[in-house]
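Novice: The sequence shown runs contiguously to residue 224 in the numbering used here. Every residue gets a Cβ at the ideal spot worked out from N, C-alpha and C, and that includes glycine.
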Amino acid sequence: MTLEELIIRLETEKEWREKDIRFFHNLQEKMEKQNDKERLRRSIIGMFYAHIEGFVGFSFNLYAESINDLNLKCKDVKPAIAVATLNNEFIALKNKDRKNDLFKRPFPDDTKLHQRCREMDFYSSFNDVQNKKVKIPRGYISTESNIGPDVLRKILYQMGMDHNILKEIDNDLLSLLNKRNDISHGKNKDGVKDDDYNKSKECYTLIFNRISTLITNSFSNECFLADK
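If you want it as structure tokens, here you go:
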């Protein structure tokens, strides 16, 4: 995938989500009664958050897909990218049911021994591991259906990025998450006033733009490479 293709896919994803929000925003704008506006905004707040969560998941998975398409080897990329590629190998390494053929009969319950055997097998294939083609598994990146500052930092770290690079949007994202939760859990049954609504809309726009810029710049500057 080229940088241009990545940008087009990001913008296409961004556009349909913004169009969806714009429809409901315009709908509440046309309402004559303030109470009706404020009541509809409760649903729009939920949509802001849902679209942020969806866009974050899409963007980072697109970034992973773009890296996969470059035919790089694990030795060429940052440790986080290599670890993502080796996800299945690490799962197998910790699989207590996977026992060494030589010892599984005389020592079937010797967990330490079988762990050592799995570690030796992994180390023996180290050169193969280093030369393995980078292929981040689909679904490796997850928003956990609850995207907030901490989950976002975890995603950044897992993709080899500075986990504090989006720190300036922490407060906005947390505020929107709390508003969504208060509404969906019935803690807040009131309509959404003008000031709160406008702040939430600005937060939505800011986060979309920052995520788009981060993904584009990270791919353009090859931030996934080991020497970057």
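Between which two residues does the alpha helix (DSSP H) carrying E11 extend?
Specialist: The residue given as residue 11 occupies position 15 in the sequence shown. Looking at the DSSP string, the run of the alpha helix (DSSP H) that includes E11 is -1 to 26.
Novice: Would you identify the three-state DSSP class for T221, choosing helix, strand or coil?
Specialist: Position 225 of the sequence shown, counted from the first residue, corresponds to residue 221. With the sequence shown as reference, residue 221 is identified as Leu, and Thr is not the correct amino acid for it. L221 falls in the strand class under three-state DSSP.
Novice: How long is the line joining the alpha carbons of R38 and L210, rounded to whole angstroms?
Specialist: Here the question's residue 38 lines up with position 42 in the sequence shown. Here the question's residue 210 lines up with position 214 in the sequence shown. One C-alpha to the other measures close to 30 Å.
Novice: Thinking C-beta only, is G144 closer than 7 Å to L162?
Specialist: What you label residue 162 is simply residue 166 of the sequence shown in a count that begins at 1. What you label residue 144 is simply residue 148 of the sequence shown in a count that begins at 1. In this structure, G144 does not lie closer than 7 Å to L162 by Cβ.
Novice: Per DSSP, what kind of secondary structure is K69 in: helix, strand or coil?
Specialist: Taking the first residue of the sequence shown as 1, we reach residue 69 at position 73. Here K69 sits in strand by DSSP.
Novice: Rounding to the nearest angstrom, what Cα-Cα distance links D124 and D97 in this structure?
Specialist: Residue mapping note: residue 124 aligns to position 128 of the sequence shown, counting from 1. Residue mapping note: residue 97 aligns to position 101 of the sequence shown, counting from 1. Looking at the two C-alpha atoms, the distance is approximately 22 Å.
Novice: Roughly how many whole angstroms lie between the Cα atoms of C199 and Q24?
Specialist: Here the question's residue 199 lines up with position 203 in the sequence shown. Here the question's residue 24 lines up with position 28 in the sequence shown. About 18 Å.
Novice: What would DSSP say about K129, mapped onto helix, strand or coil?
Specialist: In the sequence shown, counting from the first residue as 1, residue 129 sits at position 133. Strand, per DSSP.
Novice: Which residues in the same chain as R237 place their Cβ atom closer than 7 Å to its Cβ, once the five residues preceding and following it in sequence are excluded?
Specialist: Residue 237 is absent from the structure shown; the chain starts at -3 and stops at 224.
Novice: Less than 7 Å between the C-beta atoms of I137 and N205, yes or no?
Specialist: If you number the sequence shown from 1, residue 137 lands on position 141. If you number the sequence shown from 1, residue 205 lands on position 209. It is not a contact, given that the beta carbons lie outside the stated cut-off.
Novice: Evaluate contact between the segment 58 to 68 and the segment 114 to 122, counting only Cβ atoms and requiring at least three cross-stretch pairs below 8 Å.
Specialist: no
Novice: Grouping DSSP H, G and I as helix and E and B as strand, with all else coil, what is S138?
Specialist: Residue numbering aside, residue 138 sits at position 142 when the sequence shown is read from its first letter. S138 falls in the coil class under three-state DSSP.
Novice: Classify E115: buried if its beta carbon has 16 or more other beta carbons within 10 angstroms, exposed otherwise.
Specialist: On the sequence shown, position 119 is the one that residue 115 refers to. Exposed is the call here.
Novice: What does the alpha-carbon distance come out to for the pair D223 and D105?
Specialist: Counting from one through the sequence shown, the residue named residue 223 turns up at place 227. Counting from one through the sequence shown, the residue named residue 105 turns up at place 109. Taking the straight line joining both Cα atoms gives about 44 Å.
Novice: Report all residues from its chain with a CB closer than 8 Å to the CB of N64; omit the five preceding and five following residues, and keep chain order.
Specialist: Reading the sequence shown from its first residue, position 68 is the one you call residue 64. These residues qualify, in order along the chain: V130, K131, I132.
Novice: Terminal residues of the continuous alpha helix (DSSP H) containing I179?
Specialist: On the sequence shown, residue 179 is found 183 positions in, with the first residue counted as 1. 166 to 180 is the span of the alpha helix (DSSP H), which, as asked, contains I179.
Novice: Using only the alpha-carbon positions, how far apart do V52 and E28 sit?
Specialist: Looking up residue 52 in the sequence shown gives position 56. Looking up residue 28 in the sequence shown gives position 32. About 35 Å.
Novice: Would you mind giving the Cβ-Cβ distance between G156 and I207, rounded to the nearest angstrom? I have them listed as a contact below 8 Å.
Specialist: Within the sequence shown, the letter at position 160 stands for residue 156. Within the sequence shown, the letter at position 211 stands for residue 207. The Cβ separation is near 16 Å, so there is no contact.
Novice: Thinking C-beta only, is I3 closer than 7 Å to T212?
Specialist: As a first step, residue 212 is located in the sequence shown; it is residue number 216 there, counting from the start. As a first step, residue 3 is located in the sequence shown; it is residue number 7 there, counting from the start. Contact: yes.
Novice: Tell me which same chain residues have a C-beta within less than 6 Å of the C-beta of L68, skipping the five on either side of it?
Specialist: Sequence index remark: in the sequence shown, residue 68 carries index 72 (1-based). These residues qualify, in order along the chain: V130.
Novice: Given that a residue counts as buried once 16 or more other Cβ atoms are within 10 Å of its Cβ, and exposed if not, what is M214?
Specialist: As a working note, residue 214 is residue 218 in the sequence shown. The identity of residue 214 in the sequence shown is Ser, whereas the question assumes Met. Buried, by the Cβ-count rule.
Novice: Which residues in the same chain have their Cβ closer than 7 Å to the Cβ of V73, if we skip the five residues on either side of it in sequence?
Specialist: Position 77 of the sequence shown, counted from the start, is the residue given in the question as residue 73. If we look at V73 and ignore the five residues flanking it on each side, its Cβ neighbours are V130, F220, L221, A222.
Novice: In three-state terms, what does DSSP make of G42?
Specialist: Within the sequence shown, residue 42 is the residue found at index 46, counting from 1. Helix.
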